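Please read the structure below before turning to the comments.
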Amino acid sequence: MLKRVIKITKIPSAVRLWLKEQLGNIKSVTALKGATSSLLYKIEAENKTAVLRLYNNQEWLNKEPDLAQHEAASLDWAHQVLPSKVPKVLAVDETGKYCDLPAVLMSFVEGDVQIQPQTLDPWLRELASILSTLHSTPFPQEFDWHYFAYSDVETLQVPEWTRHPDLWKKAIHLSQCLPPEDQQRIIHRDFHPVNVLWSDGRISGIVDWVNACIGPIGVDVGHCRMNLVALFGVEAAERFLHYYCTFNPTFRYTLYWDLVSYLDFVYPGPPEVYQGWQDYGVTDLTKEIVTHRLENYLEYLFLSQT
C-alpha cells in the first residue's frame, strides 16, 4: 500500500519562526537521512544544535494523531534513564498549530549510525548491553501507550512466496495462543542498528522513540534479532541473544516473542531491503538475500526448540 506523505523540500517560514522562538537565530538547517516515516532535520542555532522531527505521514497520523505527544513522553522517560544517550525534549507542537505538522524539537546527540562494524562480536555485545540497561528500569505509573502486535494474528494467511508453508502455519497458530508472561517495561519497540548512534566504538545514543510503549521486553529483543538476521544472518542474532541474556540474567527467552516479531517484520511480504540500511552504506543486500536469511531463521527458530 502506498503511503500518502506530505513532501517538504525546505523548512517553511512558519516552522522557521517556531524554531527561532525556541532556539534563537537559526544558522543552518540540514535534512538528516534514515527517517522513513517522518522528516528529520539538524538545526544549527547560535548557541545550540537541535533535531526537528516533522510528522508528515498522513496515513500514520490518521491512525495515531498523538504521535508528537507520544514521542515527547517517551523521550522524557528515556532521557531520565539514559540522560547522555537519549535526546532531551526542547519543544513540542502536538497538533501542528505552529508548524502545520505535528513536530518534536529535541537536543542533538553526537554519534553516527554504524551498521558495518569491523568486528561484529563487540558491536553485538554493546547493543545487547544498552538494551538490557534500558530494560532494567521499571516503568512509571502513568504512561499512556501499551504494546500491541502490528499484525492481526487472527487474520494471518500463509504467504505464497515462502518455501516453508508448514512452518508458517505453525508460527501463525502459536502466535494466536495466549502470550506467555514476560517482564513488562517501557520498550523502545523499534530497537535496531539504524536507531543506534556510535562514537569511538561505543554507543552514544538511541533515537526514534515514537513507538515506545509498556510491553514485554521479548518484543525488543525479537525485533532487533530480526534486523540482525537480515543484515548478517542467523548467527549474529544468536550472539546478540547470548549477550543480552548475560547482561539481563532475569530474562527468560520464549519462542513466542520471536515468532510474533517475525510475523510483524515479514508479513505479508515478500521481504524488502530496508531503505535505512541502504542510506547507511549497506548496498550489497538484495531482496533474495534478505528473504533467504529470514526463511532460514524461521526454520532455525523451530529446530532450536527440538
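With numbering that gives the first Met the number 0 applied, the sequence shown corresponds to residues 0 to 305, in that order.
Glycine is no exception: its CB is placed at the ideal position from the N, C-alpha and C atoms.
Note that the coordinates shown come from a computational prediction; the quantities given were computed from them, not determined experimentally.
Backbone secondary structure at residue i - three-state DSSP
{"i": "residue 214", "result": "strand"}
{"i": "residue 1", "result": "Any answer about residue 1 is weak, because its pLDDT of 31 lies below 50 and its placement is not dependable; what the coordinates show is given next. Residue 1: coil per DSSP, three-state reduction."}
{"i": "residue 182", "result": "coil"}
{"i": "residue 110", "result": "coil"}
{"i": "residue 15", "result": "helix"}
{"i": "residue 291", "result": "helix"}
{"i": "residue 233", "result": "helix"}
{"i": "residue 242", "result": "helix"}
{"i": "residue 141", "result": "coil"}
{"i": "residue 67", "result": "helix"}
{"i": "residue 171", "result": "helix"}
{"i": "residue 224", "result": "helix"}
{"i": "residue 147", "result": "coil"}
{"i": "residue 157", "result": "coil"}
{"i": "residue 208", "result": "coil"}
{"i": "residue 297", "result": "helix"}
{"i": "residue 261", "result": "helix"}
Member of the options whose CA lies at the smallest distance from the CA of residue i
{"i": "residue 110", "options": "196, 83, 85, 49", "result": "196"}
{"i": "residue 136", "options": "264, 213, 255, 23", "result": "213"}
{"i": "residue 166", "options": "35, 18, 296, 86", "result": "296"}
{"i": "residue 113", "options": "238, 107, 121", "result": "121"}
{"i": "residue 367", "options": "131, 64, 17", "result": "With the chain running from 0 to 305 in the structure shown, residue 367 is simply not present."}
{"i": "residue 95", "options": "85, 14, 291", "result": "14"}
{"i": "residue 321", "options": "141, 19, 82, 9", "result": "The requested residue 321 does not occur in the structure, where the chain is confined to residues 0 to 305."}
{"i": "residue 230", "options": "289, 253, 58", "result": "289"}
{"i": "residue 248", "options": "254, 198, 240", "result": "240"}
{"i": "residue 292", "options": "211, 199, 65, 228", "result": "228"}
{"i": "residue 115", "options": "265, 37, 80, 275", "result": "275"}
{"i": "residue 178", "options": "245, 9, 80, 218", "result": "218"}
{"i": "residue 32", "options": "271, 278, 215, 246", "result": "278"}
With 16 other Cβ atoms within 10 Å as the buried cut-off, status of residue i
{"i": "residue 133", "result": "buried"}
{"i": "residue 305", "result": "exposed"}
{"i": "residue 3", "result": "Low local confidence applies: a pLDDT of 37 at residue 3 is under 50, so the model's placement there is unreliable, and no value is given."}
{"i": "residue 61", "result": "exposed"}
{"i": "residue 176", "result": "exposed"}
{"i": "residue 18", "result": "buried"}
{"i": "residue 302", "result": "exposed"}
{"i": "residue 199", "result": "exposed"}
{"i": "residue 27", "result": "exposed"}
{"i": "residue 83", "result": "exposed"}
Residues that DSSP places opposite residue i in a beta bridge
{"i": "residue 88", "result": "105"}
{"i": "residue 62", "result": "For residue 62, which the question treats as bridged, DSSP gives no partner whatsoever."}
{"i": "residue 198", "result": "201"}
{"i": "residue 40", "result": "30, 51"}
{"i": "residue 129", "result": "Per DSSP, none; premise fails for residue 129."}
{"i": "residue 25", "result": "44"}
### Message
Three or more C-beta pairs under 8 Å: does that hold for the segment 18-26 against the segment 42-58?
### Response
yes
### Query
If you pair each beta-carbon of the segment 259-275 with each one of the segment 147-159, do three or more pairs fall below 8 Å?
yes
### Task
Report yes or no: do the segment 157-166 and the segment 175-195 share at least 3 C-beta pairs separated by less than 8 Å?
no
### Message
Does the segment 96-106 come into contact with the segment 48-59, if we say contact requires no fewer than three beta-carbon pairs (one atom in each stretch) closer than 8 Å?
### Response
yes
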